[in-house]
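Quick note, the numbering used here runs 347 ahead of the 1-based positions in the sequence shown. C-beta: ideal position from N, C-alpha, C; glycine also. The block underneath contains the structure these notes are about, expressed in structure tokens.
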Amino acid sequence: EYGPRWHQMALKENRHKCFEDVEGVARDLIRSKLTSREKLACIGGSNGGLLVGNLITRPIGSSLFGAAVCQVPLLDMKRY
């Protein structure tokens, strides 16, 4: 975390930036051979479940993880 300003930069219309950040970290872990797609997993609950739900439905994110656990997600933001 780099403070409140950094946090605010990924809210509302810029929410996609937090998904892109996780995808970037996953790509770097795979590229540096610290892990492989088959061994890399993501897990999140509540708002973290929203993150996982987005990752597994995005074209790039869905190709980076061998497994995903989406716990108690709040995915229907239009109805909420």
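Take the Cβ of residue i as the centre, count every other Cβ of all protein chains shown within 10 Å, and call the residue buried at 16 or more, exposed below.
{"i": "L422", "result": "exposed"}
{"i": "V419", "result": "exposed"}
{"i": "G413", "result": "exposed"}
{"i": "G391", "result": "buried"}
{"i": "L397", "result": "buried"}
Got a sec? Which residues, its chain only, sit under 6 Å from residue i by beta carbon, not counting five neighbours each side?
{"i": "G408", "result": "E370 and L402"}
{"i": "S393", "result": "V419"}
{"i": "D368", "result": "none"}
{"i": "V399", "result": "C389, G391, A415 and C417"}
Measure the CB-CB distance between residue i and residue j and report whether it falls below 9 Å.
{"i": "V416", "j": "A373", "result": "no"}
{"i": "L411", "j": "R384", "result": "yes"}
How big is the Cα-Cα spacing for residue i and residue j?
{"i": "F366", "j": "H354", "result": "13 Å"}
{"i": "R362", "j": "R405", "result": "13 Å"}
Excluding sequence positions up to five away, which residues of its chain have a Cβ less than 8 Å from the Cβ of residue i?
{"i": "L376", "result": "T382 and L387"}
Take residue i and list the residues in its own chain whose beta-carbon comes closer than 7 Å to its own, dropping the five residues that flank it on each side.
{"i": "S379", "result": "none"}
What are the start and end residues of each continuous beta strand (DSSP E) run of 3 or more residues lying completely inside the segment 374-410, in chain order? 388-392
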